[in-house]
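**Q** Going down the list, the protein sequences come from chains V and E.
In terms of this note's numbering, the first sequence has 1629 at position 174, counting the first letter as 1, and numbering is strictly consecutive.
In terms of this note's numbering, the second sequence has 147 at position 114, counting the first letter as 1, and numbering is strictly consecutive.
Note that the Cβ used here is the ideal one computed from N, Cα and C, for glycine as well.
Bear in mind that the values here come from a model prediction, so they are computed numbers and not experimental data.
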Amino acid sequence: MSSILVPDPVVRVQNLGKVYGPFDAATIDRTGSKIGTARDSTSGSIVAAWDVSFDVQPGEALGIVGESGSGKSTVLRCIAGDVSPTTGDIRLANVEDGKVNILDYDAAQRRRLRIDQLSVVYQDPAEGLALGITAGGNIADPLTAAGWRNYSAIRTRAMELLQRTDVPIDRMDDLVRTFSGGMRQRVQIARALANNPGVILLDEPTTGLDASVASGVLDLIRSLLEELNIAAIVVSHDFRVIEMLTERCLVMHHGRIVENTLTDQLLEDPQHPYSQKLIAAART
Amino acid sequence: MTTLVSQFIAQEELTQTVLDEESKREIRRALLHAVCIPGYQVPFGSREMPVARGWGSGGLQITLAVIGENDTVKVIDQGDDEGVNAVNLRRLVTSSTGCEETTEVCEATVIQSRHRIPEDVLTDEHILVLQVPVPEPLRGIERDMRELSRMHAESDYSRMWVSLYEDKVRNGVITQTTGYPCLVNERYVIATTPIPRWDIPRLHNAEFLTLFGAGREKRVYAIPPHTIVEPLTFEDIPFEIEQNEGTQCRLCGSNTSFLVQSPSQEDNWACSDTAWCRARRTQ
């Protein structure tokens, strides 16, 4: 698979599908972008994502855009392990050299990947953080899970990460509950980076933050991605986020990928009618 | 009338049996399970006891299940053989099983205790039964039972470590005193409730079998002899036992035993293990 020009992908997703409810081949045929719905009117089943395949190269940030309900978050959550997909094959270069489909792992093995291979930054910090414990404690969690047992080493590492994510160090021992939305998001990013994961998944990382705070968080994410050479998958409905963070981009519509192209190209010259509509709407 | 009286007497004899044989067998099965998987909390069908749940009903059921006529029982409450609860439990055990009672560790084969391990060295002749109010070490961290059993199943104790971290951050020390969490046999974290930190090193590689019973929570667990018991602590924060510099027992003068302070007077320390203290004084 490897060649001189193209390195092995860090993440390889093939034929990922998630259907809620009973389904057969006809269900799949009766849904999708062309049909204009993700819900099969005959069985009532919902095809949240189907036939989703893509690669993420080392150091690359891949965007997934689409309207609400297009399946982009479903795809991300299937990779993260929060949702178990109906079908598919996901390989990570750092996990047994990409020789295993991580969907074959049991729940415990999947959770272990989340410690140091696969980090997620959620839109809602309450999902990724324990609000009732301190910022430092939230970072101590993945560190102790990875076997850190030295208190001062944990403190030092937490301090490093908070500094890197522009959280004032004197707030390190304050409960996350007392933090503003933007700061919570920074703590969530610090936590996600704790064990130097190979892949980071960002689910609408700046949605819900006001514009100035959002652009600060975006700047931070961009510089981190550049500096750490980490592979990222960014899900957003906001083209500014996609434009700023990603080089390549998937457009999803009713559970299917309708376009897989370079981000610049998508913004300048969208091919699929749905992408065109989406870009046009974002421009107005 | 005579028949009625004899019936009454027969009934009276029947009620002498606090726990029926089938129930005892069920508890012994649970205990075998617990001994085979050190530190794992085994559910058991906690029976209604003539003591209220939360007053040692779990320990009592274990004692009744493992004890026989040839055994000798010692019961202590906070190290004291003469505590009201200890006396009542001891009477209940001896009257319903016909075993002997003692206050001496060397004579006892089964020692039921709340809050202490006796100061005397226990040997492989002893079974220590501890009454446990809250068997779940993660209770303060997670409420969902399914999540708790998942955490135990996967040895996922990072949140326990985070709680120790938070304790240290907020208070400068790890404040938890009784019920200090320990890793048993390098696998399960247990609550050593209700014994003080002082007694924890004595569980490590012990000669004796320790059985924990929580009647209200319907769980038993065990530390078999020669099992590794490590209190959870960070590498750079040594585990410390309770120590009060310069204190000694006002009765026997000991400064090497676990001392408790009388609430009325400051500086009024005494051995928590009264039988041990008495023996020292009569020597």
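(1) Here's a check: name, in chain order, each residue in its chain whose Cβ is nearer than 8 Å to the Cβ of A141 (chain E), leaving out the five neighbours to either side.
(2) If you compare alpha carbons, which of V:R1677, V:V1465 and V:A1493 is closest to F1478 (chain V)?
(3) With a cut-off of 8 Å on the beta carbons, I'd call G1536 (chain V) and L1568 (chain V) a contact; round off their distance for me.
(4) Run the CB neighbour count on V206 (chain E), radius 10 Å, all protein chains shown included, and call it buried at 16 or more, exposed below.
(5) Name the DSSP bridge partner or partners of A224 (chain E)?
(6) What are the boundary residues of the beta strand (DSSP E) that includes C304 (chain E)?
(7) The beta strand (DSSP E) with F1509 (chain V) in it runs from where to where?
(8) Determine the DSSP secondary structure at L1705 (chain V), reduced to helix, strand or coil.
(9) Where does T225 (chain E) land, buried or exposed, given buried means 16+ other C-beta within 10 angstroms?
(10) Whole alpha helix (DSSP H) runs in the stretch 1522–1601 of chain V with 4 or more residues, listed along the chain?
(11) Output yes if chain E places a C-beta closer than 7 Å to the C-beta of L1560 (chain V); else output no.
(12) Just confirm the distance between the C-beta atoms of T96 (chain E) and V162 (chain E), as a whole number of angstroms; I'd bet it's less than 8 Å.
(13) Quick check: the Cα distance between V84 (chain E) and L244 (chain E), rounded to an integer number of angstroms?
(14) Looking at C-alpha atoms only, which residue of V:V1575, V:S1670 and V:S1607 is the closest neighbour of A1645 (chain V)?
(15) What does the alpha-carbon distance come out to for the pair V1538 (chain V) and R1532 (chain V)?
(16) From the DSSP output, read off the bridge partner residues of N1715 (chain V).
(17) For R1565 (chain V), collect the residues of the same chain with a Cβ closer than 8 Å to its Cβ; drop the 5 residues on either side in sequence, then sort them by chain order.
(18) Using a Cβ-Cβ cutoff of less than 6 Å, which residues in the same chain neighbour T1662 (chain V) once the five nearest sequence positions on both sides are dropped?
(19) I need the DSSP call for P76 (chain E), collapsed to helix, strand or coil.
(20) Counting only Cβ pairs nearer than 8 Å, list the residues of chain E close to T1716 (chain V).
(21) Against chain E, does I1688 (chain V) count as a neighbour if the rule is that its beta carbon must be under 7 Å from one of theirs?
(22) P1580 (chain V) to D1484 (chain V), Cα distance in whole Å?
(23) Could you check how far apart the C-beta atoms of E268 (chain E) and N1605 (chain V) are, in whole angstroms? I think they sit under 8 Å.
(24) My guess is that G92 (chain E) and Q145 (chain E) are in contact by the Cβ rule of under 8 Å, so how many angstroms apart are they, rounded?
(25) Within the same chain, show all residues whose beta-carbon is closer than 8 Å to that of T210 (chain E), passing over the 5 residues directly before and after it, in chain order.
(26) State yes or no: is the beta carbon of W309 (chain E) nearer than 7 Å to at least one beta carbon in chain V?
(27) State the DSSP-derived secondary structure class of R1467 (chain V), mapped to helix, strand or coil.
(28) Using a Cβ cut-off of 9 Å, which residues of the stretch 1579–1599 of chain V contact any Cβ in chain E, in chain order?
(29) Could one say the Cβ of Y73 (chain E) lies closer than 7 Å to chain V's Cβ atoms, at least one of them?
(30) Could you check whether the Cβ of Y198 (chain E) sits closer than 7 Å to any Cβ belonging to chain V?
(31) Comparing the CB of A1581 (chain V) with every heavy atom of the ligand GTP, is any distance shorter than 6 Å?
(32) Would you mind sorting A1687 (chain V) into buried or exposed? The rule is 16 or more other CB atoms within 10 Å of its CB.
(33) For a test of the three-state rule: what should DSSP assign to E263 (chain E), helix, strand or coil?
(34) Starting from Q145 (chain E), trace the beta strand (DSSP E) in both directions and tell me its first and last residue.
(35) What whole-angstrom Cβ distance do G1637 (chain V) and V1690 (chain V) have, given they're in contact under 8 Å?
(36) DSSP beta-bridge partners for R252 (chain E)?
**A** Looking at the coordinates:
(1) T105, V106, K107, T135 and H159
(2) V:A1493
(3) 7 Å
(4) exposed
(5) E:P214
(6) W302 to C304
(7) I1501 to V1511
(8) strand
(9) buried
(10) 1527–1535, 1562–1571, 1580–1583 and 1590–1600
(11) A quick correction: the sequence has Tyr, not Leu, at residue 1560 (chain V). Not closer than 7 Å to any Cβ of chain E, the Cβ of Y1560 (chain V) fails to qualify, so no.
(12) 5 Å
(13) 19 Å
(14) V:V1575
(15) 5 Å
(16) V:L1705
(17) G1536 and I1557
(18) Q1578
(19) strand
(20) The contacting residues do not exist; T1716 (chain V) stays about 41 Å from chain E at best.
(21) no
(22) 37 Å
(23) 5 Å
(24) 5 Å
(25) P229, R230 and E275
(26) no
(27) strand
(28) A1585, I1588, T1589, G1591, G1592, N1593, A1595, D1596, P1597, L1598 and T1599
(29) no
(30) yes
(31) The ligand GTP is absent from the structure shown, which contains no ligand whatsoever.
(32) buried
(33) strand
(34) V143 to R147
(35) Actually they do not touch by this definition, with Cβ atoms about 19 Å apart.
(36) E:P76 and E:A247
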